[in-house]
Every structure is written in C-alpha cells, then in structure tokens.
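Chemist:
In my numbering, the protein residues as written are 7 to 250.
1. Across which residues does DSSP place residue 251 in a beta bridge pair?
2. How long is the line joining the alpha carbons of residue 218 and residue 208, rounded to whole angstroms?
3. Inspect the beta-carbon positions of residue 89 and residue 127 and report whether they are closer than 8 Å.
4. Report all residues from its chain with a CB closer than 7 Å to the CB of residue 149; omit the five preceding and five following residues, and keep chain order.
5. With the cut-off set at 8 Å, would you say residue 11 and residue 134 are in Cβ contact?
6. Between the alpha carbons of residue 203 and residue 182, how many angstroms are there, rounded?
7. Can you name, in chain order, every residue of its own chain whose Cβ lies under 8 Å from the Cβ of residue 227, other than the five neighbours on each side?
8. What does the Cβ neighbour count give for residue 7, buried or exposed, with the cut at 16 atoms within 10 Å?
9. Name the DSSP bridge partner or partners of residue 228?
10. Distance, Cα to Cα, residue 46 vs residue 178?
11. Does the Cβ of residue 254 have 16 or more other Cβ atoms within 10 Å, making it buried, or fewer, making it exposed?
12. Does residue 162 pass the burial test, meaning 16 or more other C-beta atoms within 10 Å, or should it be called exposed?
13. Given a cut-off of 8 Å, decide if residue 171 and residue 186 are closer than it, judged by their beta-carbon atoms.
14. Looking at the structure shown, is residue 32 part of a helix, part of a strand, or coil, going by DSSP?
15. Roughly how many angstroms lie between the CA atoms of residue 84 and residue 104, to the nearest whole one?
16. With residue 92 and residue 32 assumed to form a contact (beta carbons below 8 Å), what rounded beta-carbon distance in angstroms separates them?
17. Taking all protein chains shown into account, do 16 or more other C-beta atoms lie within 10 angstroms of the C-beta of residue 65, making it buried, or fewer, making it exposed?
18. Taking only three categories from DSSP, how would you classify residue 83?
19. Need the endpoints of the alpha helix (DSSP H) that residue 126 sits in, please.
20. Identify the continuous alpha helix (DSSP H) that holds residue 157 and give its terminal residues.
21. Out of 22, 16 and 14, state which residue places its alpha-carbon closest to the alpha-carbon of residue 233.
22. Under 8 Å: do the segment 133-147 and the segment 104-124 share three or more Cβ pairs, one atom per stretch?
23. Is the beta carbon of residue 28 sitting closer than 8 Å to the one on residue 96?
24. Rounding to the nearest angstrom, what Cα-Cα distance links residue 35 and residue 131 in this structure?
25. For a quick check, are the C-beta atoms of residue 190 and residue 214 less than 8 Å apart?
26. Among 81, 107 and 136, which has the Cα closest to the Cα of residue 147?
Given below as structure tokens:
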C-alpha cells in the first residue's frame with residue numbers, strides 16, 4: 007500500500023518570513039558577516055521589497071549569496087550551533103494555518119516532509135521541532151574535515167524541488183495522486199504540478215501568474231492568505247492580479 011504525503015516549503019509557508027534572514031542576523035552578531043554588507047548590499051533589496059517596488063526572491067537570493075561566502079572556511083559545528091540557536095528562538099514563529107495543517111496531516115497518518123530552499127542545517131532543526139518525517143534543504147558542501155567549501159547544491163528552484171520529490175517518492179513509496187503540497191513562490195510550482203492537492207499560502211505575484219495561466223494547476227489549486235488573525239480561502243476563478 008502506498009503512502010500519502012504532505013510536502014511543505016518552509017520560508018513564507020510555514021515560517022512567517024525567511025529563515026535565511028534570521029541566520030544572517032546571527033552571522034552579523036557573531037561578526038562572521040560585516041554589518042556593512044547588510045547596509046550596502048542587502049538593505050537596498052530589502053527596502054525595494056518593503057516598499058513593494060521589488061521582488062522578495064531577489065532580497066532572499068542576495069542574502070543567500072553572501073551566506074555562501076560567509077560560511078566558506080567555517081566548520082560545520084559553528085553553523086550547526088547557529089542553526090540550533092535560531093530555531094530555539096524563532097522556530098515557533100509560524101503561520102496558524104500551516105501549523106494546523108501539519109497537525110491535521112499527522113492525525114491522518116500522512117507523512118509530512120519539508121522541501122525548502124533554506125540551508126539544510128536550519129531545515130533539519132525546523133523539521134525536528136515540528137515533527138516532520140524527513141526533510142530536504144539547500145546543501146552547502148563540506149570537505150572531509152567538515153569545513154565549508156563554498157559550493158552549493160540548491161533546493162530553492164522548481165527543478166531541484168521536482169528532483170527531490172521524485173527521490174522521496176521512491177524512498178517512501180508515495181502516491182502523489184493522494185498527496186498534498188504547500189508553497190508560496192515560483193520555486194514551489196513544480197510541486198503543484200506533480201501533486202494532486204496543491205495549496206498556495208500567501209503566494210507571490212509571480213507564483214499566482216503561473217498558477218492562473220496553467221490549466222493543469224489552476225483547476226486543482228487552493229489559495230490561502232493569512233493576515234493578522236484571519237485566514238482567507240480564495241477561489242482561483244475569482245482571483246484578480248493587480249499590477250503595482
């Protein structure tokens with residue numbers, strides 16, 4: 007008998023922001039990243055997004071680029087220590103809807119798996135905290151001594167997530183026709199194509215455009231928006247994307 011699974015993105019889907027932003031702050035605190043890199047390189051992208059004049063993904067990718075440079079030469083224990091601290095302090099800062107869906111899937115005896123673009127060290131700690139069965143995240147390569155080399159195997163793009171799910175399907179004998187996927191950016195679109203019950207949670211404009219232009223996905227998608235203490239379910243046929 008095949009298993010039913012629920013695949014969850016983390017950043018913006020479970021966690022209410024991006025975990026990379028939290029670890030970035032810690033790296034500045036521990037003087038691994040110089041504060042000027044935030045002010046000169048990251049802050050301009052953040053301000054564009056904060057004013058709704060830029061792309062959220064550009065802001066996250068800028069931090070990810072600096073993160074790669076910052077951890078190069080560090081030992082894995084240093085990054086693992088920071089990851090544990092971040093999740094201990096911030097791990098419960100999650101959306102109500104997603105937290106409740108995790109509980110629901112557990113009651114149904116579904117497997118719950120996270121497929122996230124965040125560093126694997128953070129994804130691991132978040133998965134342990136919320137009781138996931140397995141996890142996939144971006145791998146920052148290390149040498150035999152456990153020192154980060156600066157090489158990256160990403161998990162933030164749609165192609166990488168598709169490959170990860172195919173691997174997990176074989177590993178756990180998962181029936182995708184009965185499974186679920188939760189995501190918020192274009193990197194999650196391949197999950198929505200592959201799986202029968204996709205749910206957009208606070209989706210980006212770029213993801214919504216892809217969803218509404220795909221007959222395959224539009225006909226099966228659920229769109230959920232959580233703001234303050236209210237959860238909205240939006241039917242795709244009533245969705246209007248307004249350019250700003």
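Every residue, glycine too, gets a C-beta built ideally from N, C-alpha and C.
Modeler: Result, derived from the coordinates:
1. Look at the range of the chain in this structure, 7 to 250, and you will see that residue 251 is not part of it.
2. 15 Å
3. yes
4. 155
5. no
6. 9 Å
7. 198, 204, 205, 206, 217 and 242
8. exposed
9. 205
10. 45 Å
11. Beyond the ends of the chain as shown, which are 7 and 250, falls residue 254; an answer cannot be given.
12. buried
13. no
14. helix
15. 30 Å
16. 6 Å
17. buried
18. helix
19. 126-136
20. Run containing residue 157: none in the alpha helix (DSSP H); it sits in the beta strand (DSSP E), 154-159.
21. 22
22. yes
23. yes
24. 20 Å
25. no
26. 81
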